[in-house]
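*Asks:*
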Amino acid sequence: MKTIDDFYQAYYKIDGVYHTNMLEVIDYDNPEDVTLLNEALLKLLSDGEILFVLDDNTEEDVSAFVLYRKGDKILNEFILFERNCFVYDAEFCDWQFPEEAALNKEERIAFFERLNNLIVFDNLNLEIKNASLIKKDRNLNEELIDLRPTQVNIIKILAFFWRYIYIAFAFGSAIILRFSLEKEVSNIVLGISILIYAIYFFIGIRLQFKHVYYAIQKNLKRKVDLNNMTFNAKDLKNQTIFLLVIGVAALILIFVGFIEL
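At position 195 of the sequence shown (counting the first as 1) the number is 194 in numbering that gives the first Met the number 0, and the numbers step up by one without a gap.
Printed below as a string of structure tokens:
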């Protein structure tokens, strides 16, 4: 008798990339199998998470799945490699669980924003077909702001903390230690502080923390769009490189500090 774990274990990483042999496990004619699969996907995916998963049931990488969870809803789309890349057709975008239904306008916008970010962030060889449908959805949604004033204020406060208070505290602590003849310790403290900042913002970009988006947009002196808190491809790439650079610099500071102790 099959269990949730049988389907959960059908999804695995190889060299950091998700793969699946799910088609060897499931019998789509058996409703119990379909239910177990979707329950396994609820376990695999966190809320709002999207995954690109290669299909291992073929000898070559000619098919894949796009998985997405929103609340208790699951999207599980099968896609093919066409010509030079995998292709996801924006015209077909449906929830498969708990019941088959089309994504509404707001759900489509959120899904394709996350999919675009995943393509850029993971450098996926994936193209979205009929992208004009997504643009149409976004234009219809220009006046939508689904955040309450209290939530907007919290976003601004957290962004202010990371832009000013945290930075001031980190450098202030390092300066105080340096003037108290603790130069080596000051390097370590400053390095750890910068490393925490880099890691936090890297995770924040990956998980789409709204206050991280807000802070970075303000640092770049860009317009903040409360309707669409996502980065364009260029900014996403530049911010990732910047965080990697300061992360490496932080590790060097920490290393030098410990050497000099």
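C-beta atoms are modelled at their ideal positions from N, C-alpha and C, and glycine is treated no differently.
It should be emphasised that the depicted structure is a prediction, and the values quoted were computed from it without experimental measurement.
When we look at the beta-carbon of F200 and count the other beta-carbons within 10 Å, is it buried (16 or more) or exposed?
*Replies:* Stepping through the sequence shown from its first residue, residue 200 is reached at position 201. Buried.
*Asks:* Work out the CA separation of A169 and L176 for me, nearest whole Å.
*Replies:* Sequence index remark: in the sequence shown, residue 176 carries index 177 (1-based). Sequence index remark: in the sequence shown, residue 169 carries index 170 (1-based). Going from the Cα of L176 to the Cα of A169 covers about 11 Å.
*Asks:* So, under 8 Å CB-CB, I245 and I193 are touching, yes? Tell me the CB distance rounded to an integer number of Å.
*Replies:* Start at 1 with the first residue of the sequence shown, and residue 245 comes out as number 246. Start at 1 with the first residue of the sequence shown, and residue 193 comes out as number 194. Going by Cβ atoms, the distance from I245 to I193 rounds to 6 Å, so yes, they are a contact pair.
*Asks:* Should the region 79-87 be called in touch with the region 98-108, which here means at least 3 C-beta pairs below 8 Å?
*Replies:* The region 79-87 is not in contact with the region 98-108.
*Asks:* Go through its chain and collect everything with a Cβ distance to N140's Cβ below 7 Å, but skip five positions before and after it.
*Replies:* Position 141 of the sequence shown holds residue 140. Any reading at N140 is ruled out, since the residue's pLDDT is 46, under 50, leaving its predicted position unreliable.
*Asks:* Look at A158 and K217 and say whether their C-beta atoms are less than 8 Å apart.
*Replies:* Counting from 1 along the sequence shown, the entry for residue 158 is found at position 159. Counting from 1 along the sequence shown, the entry for residue 217 is found at position 218. Yes, Cβ-Cβ distance for A158 and K217 is below 8 Å.
*Asks:* Within the chosen definition, does the region 8-19 reach the region 43-59 through at least 3 CB pairs nearer than 8 Å?
*Replies:* With a cut-off of 8 Å, the region 43-59 and the region 8-19 count as touching, because enough Cβ pairs lie within range.
*Asks:* In whole angstroms, what is the alpha-carbon distance linking I240 and L250?
*Replies:* By 1-based counting over the sequence shown, the position of residue 240 is 241. By 1-based counting over the sequence shown, the position of residue 250 is 251. Taking the straight line joining both Cα atoms gives about 15 Å.
*Asks:* Please list the terminal residues of the continuous beta strand (DSSP E) segment that includes T19.
*Replies:* Here residue 19 is taken as the residue at index 20 of the sequence shown, counted from 1. Residues V16 to T19.
*Asks:* From the DSSP secondary-structure annotation, give me the bridge partner or partners of K72.
*Replies:* To locate residue 72, count along the sequence shown from 1; it is residue 73. Its beta-bridge partners are K69.
*Asks:* What does a CB cutoff of less than 8 Å around Q238 pick up in its chain, not counting 5 residues either side in sequence?
*Replies:* As a working mapping, residue 238 is identified with position 239 in the sequence shown. F200, I204, I215 and F230.
*Asks:* Using the Cα positions of F96 and Y7, report the straight-line distance between them to the nearest angstrom.
*Replies:* Position 97 of the sequence shown holds residue 96. Position 8 of the sequence shown holds residue 7. Approximately 16 Å, taken between the alpha carbons.
*Asks:* What are the residues that DSSP puts in a beta bridge with K128?
*Replies:* By one-based count along the sequence shown, residue 128 stands at place 129. In DSSP, K128 forms a bridge with D88.
*Asks:* Closest to L270 by C-alpha separation, out of L219, I195 and V223, would be which residue?
*Replies:* There is simply no residue 270 to check, as the chain begins at 0 and stops at 260 in what is shown.
*Asks:* Cβ atoms of V24 and D5: under 8 Å apart, would you say?
*Replies:* Walking along the sequence shown from the start, residue 5 turns up at place 6. Walking along the sequence shown from the start, residue 24 turns up at place 25. Yes, Cβ-Cβ distance for D5 and V24 is below 8 Å.
*Asks:* Tell me which residue opens and which closes the beta strand (DSSP E) that K12 is part of.
*Replies:* Position 13 of the sequence shown, counting from 1, holds the residue named residue 12. That run of the beta strand (DSSP E) goes Y10 to I13.
*Asks:* What residue range does the alpha helix (DSSP H) around I193 cover?
*Replies:* Start at 1 with the first residue of the sequence shown, and residue 193 comes out as number 194. I193 -> alpha helix (DSSP H) spans K182 to R205.
*Asks:* On the criterion of 16 or more Cβ atoms from any shown chain inside 10 Å, does V247 qualify as buried, or is it exposed?
*Replies:* For the purposes of this step, residue 247 is taken as the residue at position 248 of the sequence shown. With fewer than 16 other Cβ atoms within 10 Å, it is exposed.
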